[in-house]
Every structure is written in C-alpha cells, then in structure tokens.
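Protein chains in written order, with the working numbering: chain B, 1 to 160; chain U, 1001 to 1160.
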C-alpha cells in the first residue's frame, strides 16, 4: 500500500515501532446470531453453524460460529487495534490456529495481541516481518481461539 | 451434530472412510470484486482490500482478497467437496497457513485437499481427527494458498 496519506507520511506504526512483548488490545466485540448465520451460510454451511435445531442436537448443544468467522473477527479486531494504523504490507501467513471453545450467539469477544518476534527482511531492507500471538477470549474470560500470525510492515521512510 | 438425517444414518464419510493419500477436489469457484470488497469491509478493511485507488498504489498493484476471505472460500469449497457429506464434529485448528500469491477480482479458484494423517482419538473411541493439506490454485495453476487443517469426524455407528 502507499505509505503516504493526504501527502504526509503518517502511520503510527512502522516496522521499527514493534518490539517483543508489546501488547495491543481490542474489544469487546459483540457477536450476533444473525452474523453467525450470515457468515456460515456463505462460507461454512455445516448444520451446527446454520441450523439452530440441528445445532441443538449436535455435540455443541447449540449454534456456534464457524472457526473461519471467529478468525475473521480477530482479523478485524487486529485492524482496529493496530494494523489499521500501521504501514502494513500484508501477511505471509498464520500458524497454530486453535479453536479452543465454541463462540456462541451473544458472546462478547476481546482480543489480546502480543508481539513475539521482530524479523528484519534480509532481501528487502525497507521492511520486515512481525510475528504476533493472538488470544481471543469471551465475556467469561475463557480463551476461545489462539493463533500466531505473521505481518509484513514497511520501515519508516527517511521523510517520516 | 446429529449423525442421523431423516431417520437414517446417512453420511458418505465417517472417520474410518478417510485414508492417507485420499484426494478431494473442489472448484472452480469464481471470486468477484464485489465479494472481495464486501468481505474486507466487514473483516479486514485494509486499503489494498477495500479501496481500488489505494490498492493500485500499493505493492500489490491492485485490489486483492483478504487472506481470511481466501481461507473462508477454501472452507466453503471443503464443505462442498467433502465435509458437507461427512460426519463432521468441527475442527480443533489449522496450521501453516500461507498466502503465496494475491487472489484478485475475477480469479477462478480450485482446491485440492489431500489426507495427510488419520488419528483415532485415544480418549473417545467413537471419533478421530483427520489432518489434511489444502492447496488452493488460481486459473493460471498458480498455488495461491496452502494450509494444513484438522477435522474431527465420528466413526460410523453400529446401525449405519
């Protein structure tokens, strides 16, 4: 993406602004039944995600959010907490995604992002990769999802 | 989920129907600009996902799909190819997700799913975990995303 906005270099976070142990927090974010159904009908139409009666009969005992929906909510919360203010160049990938407990209609989710590693690019000196750990918790302070994510960020240009 | 549909035990795939090397294929699945924008506005509102002008200025040279959108499309293609016909009990997680090349408006995506490992549950003899590798490719036969996913499946009940 362009690092320039309205003619100014003006991101809050460039690659060199990240450090190991740095924490970002986002939420609470409400999850409605309608959103769970809408996402799952498009992207994960398994009975326990789209059919309340079938979900009640399932091992989950009721409707639960698709894991991809939960991850996408984490992504949005990350953008709101940090990435949206950063010189983001996209993500090479994610590791160790774990869905620990169901996310259910009416849950209020909070995300904690901790910087685990800061890795300058060897081939491109203007950027680097930041590895973070995500912990998504519900209103009962139960961890519902964890994941490790990679993000590429530009260094602050000389003009900034 | 209930393993019973319309009074019959009738999934095509139970845990014991999976074997290492088994392949499922899905697609092609078209990706429209409207869908890319709609997903990203909700879940990943970075400029190169939601703003065509900013995307042109970015390192990607144009609008690209959110990685979470691409993964969610993979999920849907998996449900269409296999999980929708299987005694699925949800997923413990995913590993080694890699976004290798951008997914762009107008792309037609194909998914290849290969069974990598079949792991009976030690604590619950009625089920097991199947580990699969996903390779998502575009219309130029370029791999755009790879991931390893875990799925829990019920064994065929005695009645089936």
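In this text, a Cβ means the ideal position worked out from N, Cα and C, and glycines have one as well.
Fair warning: this is a prediction, and the values are worked out from it, not measured in the lab.
Check the C-beta distance from residue 1111 of chain U over to residue 1021 of chain U and give it rounded, since I have them as a contact under 8 Å.
Taking the first residue of the second chain as position 1, residue 1111 of chain U is located at position 111. Taking the first residue of the second chain as position 1, residue 1021 of chain U is located at position 21. Residue 1111 of chain U to residue 1021 of chain U, Cβ: 17 Å. No contact.
Rounded to a whole number of angstroms, what is the C-alpha to C-alpha distance between residue 142 of chain B and residue 1139 of chain U?
Translated into positions along the first chain, residue 142 of chain B becomes position 142. Translated into positions along the second chain, residue 1139 of chain U becomes position 139. Computed Cα separation, rounded: 42 Å.
Using the Cβ count rule (16 or more neighbours within 10 Å means buried), how would you classify residue 1019 of chain U?
Here residue 1019 of chain U corresponds to residue number 19 of the second chain, with the count starting at 1. Exposed, since its Cβ has fewer than 16 Cβ neighbours within 10 Å.
To the nearest angstrom, how far is it from the Cα of residue 151 of chain B to the Cα of residue 1152 of chain U?
As a first step, residue 151 of chain B is located in the first chain; it is residue number 151 there, counting from the start. As a first step, residue 1152 of chain U is located in the second chain; it is residue number 152 there, counting from the start. Their Cα atoms are separated by approximately 30 Å.
Exposure label - residue 1158 of chain U; buried when at least 16 CB within 10 Å
In the second chain, the residue the question calls residue 1158 of chain U occupies position 158. Counting Cβ neighbours within 10 Å, residue 1158 of chain U comes out exposed, since fewer than 16 surround it.
Taking 8 Å as the threshold, find out whether the region 1068-1082 of chain U comes into contact with the region 1116-1129 of chain U through three or more Cβ pairs.
no
Taking 7 Å as the threshold (C-beta atoms), are residue 1013 of chain U and residue 1085 of chain U in contact?
Here the question's residue 1085 of chain U lines up with position 85 in the second chain. Here the question's residue 1013 of chain U lines up with position 13 in the second chain. Yes, they are a contact pair.
Scan the region 1035-1118 of chain U and note each continuous beta strand (DSSP E) run of 3 residues or more that stays entirely inside, going in chain order.
1093-1099
Chain B residues whose Cβ lies nearer than 8 Å to that of residue 1120 of chain U:
If you number the second chain from 1, residue 1120 of chain U lands on position 120. Going along chain B, no residue has its Cβ under 8 Å from residue 1120 of chain U, so there is no contact; the nearest lies around 17 Å.
Counting pairs of beta carbons, one from the region 1035-1054 of chain U and one from the region 1088-1099 of chain U, are three or more of them closer than 8 Å?
no
Looking only at its chain, what residues have a beta carbon closer than 8 Å to the beta carbon of residue 98 of chain B, apart from the 5 residues adjacent to it on each side?
Reading the first chain from its first residue, position 98 is the one you call residue 98 of chain B. 145, 146 and 147.
Residue interval of the beta strand (DSSP E) (run including residue 148 of chain B)
What you label residue 148 of chain B is simply residue 148 of the first chain in a count that begins at 1. Here the beta strand (DSSP E) through residue 148 of chain B covers 143-154.
Assuming the contact rule is C-beta atoms closer than 8 Å, residue 1131 of chain U and residue 1117 of chain U should be a hit. Round their C-beta distance to whole Å, please.
The sequence position of residue 1131 of chain U within the second chain is 131, counting from 1. The sequence position of residue 1117 of chain U within the second chain is 117, counting from 1. Yes, residue 1131 of chain U and residue 1117 of chain U are in contact; Cβ-Cβ is about 4 Å, under 8 Å.
Here's the rule I'm using: 16 or more other beta-carbon atoms within 10 Å means buried, otherwise exposed. How should residue 1049 of chain U be labelled?
Your numbering for residue 1049 of chain U matches position 49 in the second chain. Label assigned to residue 1049 of chain U: buried.
Give the residues of chain B in contact with residue 1043 of chain U, contact being defined as C-beta atoms less than 8 Å apart.
The count along the second chain starts at 1 and reaches residue 1043 of chain U at position 43. By Cβ distance, chain B contributes 72, 73, 75 and 76.
Which of the three DSSP states, helix, strand or coil, is assigned to residue 11 of chain B?
Within the first chain, the letter at position 11 stands for residue 11 of chain B. In this structure, residue 11 of chain B counts as coil in the three-state DSSP scheme.
Chain-ordered neighbours of residue 1088 of chain U on chain B, where CB pairs are closer than 7 Å:
The residue labelled residue 1088 of chain U in the question sits at position 88 within the second chain. Simply 46.
Could you please tell me which residues of the region 8-32 of chain B, in chain order, have their CB closer than 8 Å to any CB of chain D?
Absent here is chain D; the protein component of the structure consists of chains B and U.
Assign residue 129 of chain B to buried or exposed, taking buried as 16 or more other Cβ atoms, counted over all protein chains shown, within 10 Å of its Cβ.
For this step, residue 129 of chain B is matched to residue 129 along the first chain. The residue is buried, with at least 16 neighbouring Cβ atoms inside 10 Å.
From what residue to what residue does the beta strand (DSSP E) around residue 1029 of chain U run?
Within the second chain, residue 1029 of chain U is the residue found at index 29, counting from 1. Its beta strand (DSSP E) spans residues 1023-1030.
Mind checking whether residue 1045 of chain U and residue 1054 of chain U have CB atoms under 7 Å apart?
The sequence position of residue 1045 of chain U within the second chain is 45, counting from 1. The sequence position of residue 1054 of chain U within the second chain is 54, counting from 1. In this structure, residue 1054 of chain U does not lie closer than 7 Å to residue 1045 of chain U by Cβ.
From the beta carbon of residue 99 of chain B, is the nearest beta carbon of chain U less than 7 Å away?
The sequence position of residue 99 of chain B within the first chain is 99, counting from 1. Residue 99 of chain B counts as touching chain U.
Residue 1137 of chain U bridges to which residues according to DSSP?
Taking the first residue of the second chain as 1, we reach residue 1137 of chain U at position 137. Paired residue(s): U/1110 and U/1143.
CB contact check: residue 62 of chain B to chain U, cutoff 7 Å
Within the first chain, the letter at position 62 stands for residue 62 of chain B. It does not: the Cβ of residue 62 of chain B has no partner Cβ on chain U nearer than 7 Å.
Thinking just about the alpha-carbon of each residue, which of U/1033, U/1029, U/1109 and U/1114 is nearest to the one in residue 1062 of chain U?
Within the second chain, residue 1062 of chain U is the residue found at index 62, counting from 1. The residue with the shortest Cα to Cα distance from residue 1062 of chain U is U/1033.
Rounded to whole angstroms, what's the CA-CA distance from residue 137 of chain B to residue 1016 of chain U? Just pull it up for me.
Along the first chain, one-based indexing puts residue 137 of chain B at 137. Along the second chain, one-based indexing puts residue 1016 of chain U at 16. When rounded, the distance between both Cα atoms is 34 Å.
CB contact below 7 Å: residue 106 of chain B versus chain U:
For the purposes of this step, residue 106 of chain B is identified with residue 106 of the first chain, where counting begins at 1. No, residue 106 of chain B does not count as interfacial toward chain U.
Find the residues of chain U that neighbour residue 34 of chain B, judging by a C-beta separation of less than 7 Å, and give them in chain order.
Taking the first residue of the first chain as 1, we reach residue 34 of chain B at position 34. None at all; the shortest Cβ gap to chain U is about 13 Å.
Chain-ordered neighbours of residue 95 of chain B on chain U, where CB pairs are closer than 8 Å
The count along the first chain starts at 1 and reaches residue 95 of chain B at position 95. Within 8 Å Cβ-Cβ: 1095, 1096 and 1097.
If the criterion is Cβ atoms closer than 7 Å, does the pair residue 107 of chain B and residue 31 of chain B meet it?
Here residue 107 of chain B refers to the residue found at position 107 of the first chain. Here residue 31 of chain B refers to the residue found at position 31 of the first chain. Yes, the Cβ-Cβ distance between residue 107 of chain B and residue 31 of chain B is below 7 Å.
Would you report the Cα separation of residue 1057 of chain U and residue 1051 of chain U, rounded to the nearest angstrom?
Stepping through the second chain from its first residue, residue 1057 of chain U is reached at position 57. Stepping through the second chain from its first residue, residue 1051 of chain U is reached at position 51. The straight-line gap from Cα to Cα measures roughly 10 Å.
Do residue 87 of chain B and residue 11 of chain B have their beta-carbon atoms positioned less than 7 Å apart in this structure?
Position 11 of the first chain holds residue 11 of chain B. Position 87 of the first chain holds residue 87 of chain B. Yes, these two residues count as a Cβ contact at 7 Å.
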